[in-house]
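J.: Starting off with a structure, shown below.
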Amino acid sequence: MRRLLLVAVLCGAASVARAADMPDLPFLRGSFTDGPSTSTVNWQGGYIGGHAAYGTSNMNFANSTRTIAARLLDGTEMEQIQRISEWPIMGKVSAHGEGFGGFVGYNFQWTDVVIGVELNYTHGKFGGSQTGSMSRIFTLPSGYTVGATYEGTARMNISDMGTLRVRGGYAYGSFLPYMFAGIALGQADIIRTARVYGTQVNPAAPPPFDNVPFDISASDGQYSHLIYGYSFGLGTEIMLISNLFMRAEWEYVRFTSSVDTSVNTVRAGLGYKF
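Numbered per mature numbering (1 follows the signal peptide of the UniProt record, and there is no 0), the sequence shown spans residues -19 to -1, 1 to 255.
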């Protein structure tokens, strides 16, 4: 009997030693490892980053040379009767552009709700140009038959855009989808040229006043001109590692100037939260 007890004790000790040498596997502990964490990232605090942008400028050059032509023809019979400066000679143009820039801001967070203020800047090449003309033949009360052509050229290049935004988002895990709106400032070169030319013919007038050609033109250039407007858009950020995050967004900017202009851009960037 004592021998049997001794054998049983030795076997039990060997089993315990063998179990102690085995790796600590989860299924041996009677539990499973957890999946990916769904805890919300802390977006509270300041941040800074950079981005690349690609977009489309939509410009309406209609009436952009009207004031220049009106000055050229001020006091003339043909302007008073025909309103040549108001002839529709140009219209809308779309052109693609690209740029790069940076952003800096600060977030406030309440549970999953994030509210922030951000300053965003982009340097690039956005803008376009157009040339148009219109010709008409008409008779004035003075008896002259006039063949006139009104020609206009306008060009706008936006080199810098900046927006001051207020944004709101909802944190979900590592993601922060958001919307924003704010005021916009830009710097642009705007060059406009108007030309009116043709011939006035009146057989009843004495020479050399029976056939009078005319050709007048003027240009107006605004360089590094400040333009302003508003912006809005939406985007999303994802926290990658530590405090490094990636951003993708769309922004619409509308500027008020002598050329009615809007710029749509899509942007991708990287940022760091302090």
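Think of the CB as a built atom: it goes at the ideal place given N, C-alpha and C, for glycine as much as any other residue.
This structure is a prediction, so every number in the text was calculated from the model and none was measured.
Would you identify the three-state DSSP class for R235, choosing helix, strand or coil?
T.: Correct three-state label for R235: strand.
J.: I think V22 touches S223, with their Cβ atoms under 8 Å apart; what is that distance to the nearest whole Å?
T.: With 8 Å as the limit, V22 and S223 do not qualify as a contact, their Cβ atoms being about 11 Å apart.
J.: Which first and last residues belong to the alpha helix (DSSP H) in which E79 is found?
T.: No alpha helix (DSSP H) holds E79; the beta strand (DSSP E) holding it covers 73 to 91.
J.: How would you call T92, buried or exposed, if buried means at least 16 neighbouring beta carbons within 10 angstroms?
T.: Under this definition T92 is an exposed residue.
J.: First and last residue of the beta strand (DSSP E) that includes T144?
T.: Taken as a continuous stretch (DSSP letters only), the beta strand (DSSP E) holding T144 covers 126 to 151.
J.: Below 8 Å on the Cβ atoms is my contact criterion, and I expect H32 with F81 to pass it. Report the Cβ-Cβ distance as a whole number of Å.
T.: The pair is a contact, with the Cβ atoms about 7 Å apart (cut-off 8 Å).
J.: Just to confirm before moving on: does the CB-CB distance between V147 and G128 stay below 8 Å?
T.: Going by C-beta atoms, V147 is not nearer than 8 Å to G128.
J.: For the candidate residues T237, M227, T134, T242, whose alpha-carbon lies nearest to that of G252?
T.: Per the Cα distances, M227.
J.: With a 10 Å radius around its C-beta and 16 neighbouring C-beta atoms as the bar for buried, classify Y204 as buried or exposed.
T.: Exposed, because fewer than 16 other Cβ atoms sit within 10 Å of the Cβ of Y204.
J.: Take L53 and list the residues in its own chain whose beta-carbon comes closer than 7 Å to its own, dropping the five residues that flank it on each side.
T.: Correct list, in chain order: A175, V177, I197, A199.
J.: In the DSSP assignment, what are the bridge partners of V98?
T.: Paired residues: Y87, V147.
J.: Leaving aside the five residues before and after M71 along the sequence, list all residues of the same chain whose C-beta is less than 7 Å from its C-beta, in chain order.
T.: Taken in chain order, the residues that qualify are F42, A43, S45, Q111, G113, G133, A135.
J.: Quick one, are the C-beta atoms of G214 and F161 less than 8 Å apart?
T.: Cβ atoms of G214 and F161: closer than 8 Å.
J.: My output table needs one value for Q25: the three-state DSSP class, helix, strand or coil.
T.: Q25 falls in the coil class under three-state DSSP.
J.: For G202, which residues of its own chain have a beta-carbon under 6 Å away from its beta-carbon, when the five flanking residues on both sides are left out?
T.: Correct list, in chain order: I172.
J.: Take Y131 as the anchor and find which of A229, F195, R235, N183 has the nearest alpha-carbon.
T.: Selected option, being the one with the closest Cα: F195.
J.: Name the residue from S75, G30, M59, M137 whose alpha carbon lies nearest to the alpha carbon of T120.
T.: Closest option to T120, Cα to Cα, is M59.
J.: On a Cα-Cα basis, can you pick out the residue from G36, Y211, L221 that is closest to G109?
T.: Answer by Cα proximity: G36.
J.: Which value, in whole angstroms, describes the spacing of the CA atoms of L66 and S116?
T.: Strictly speaking, residue 66 in this sequence is Ser, with Leu absent from that position. Cα to Cα, S66 sits roughly 12 Å from S116.
J.: Among N183, R235, I208, which has the Cα closest to the Cα of P122?
T.: When each option's Cα is compared against that of P122, the closest is N183.
J.: Looking only at DSSP bridge pairs, what is E58 linked to?
T.: None; E58 has no bridge partner.
J.: Going by the CB atoms, is the gap between S212 and A165 shorter than 8 Å?
T.: Yes, the pair counts as a contact, with Cβ atoms nearer than the cut-off.
J.: Using a Cβ-Cβ cut-off of 6 Å (strictly less than) and excluding sequence neighbours within five positions of Y151, which residues of its own chain qualify?
T.: The residues are D93.
J.: Helix, strand or coil, according to DSSP, for R117 in the structure here?
T.: In this structure, R117 counts as strand in the three-state DSSP scheme.
J.: Comparing C-alpha positions only, which one of N39, G179, A249, G83 sits nearest to T144?
T.: Measuring from the Cα of T144, the nearest candidate turns out to be G83.
J.: Only counting the same chain, and skipping five residues up and downstream in sequence, which positions put a Cβ closer than 7 Å to that of L221?
T.: If we look at L221 and ignore the five residues flanking it on each side, its Cβ neighbours are M227.
J.: Roughly how many angstroms separate the alpha carbons of P187 and I118, rounded to a whole number?
T.: Taking the straight line joining both Cα atoms gives about 22 Å.
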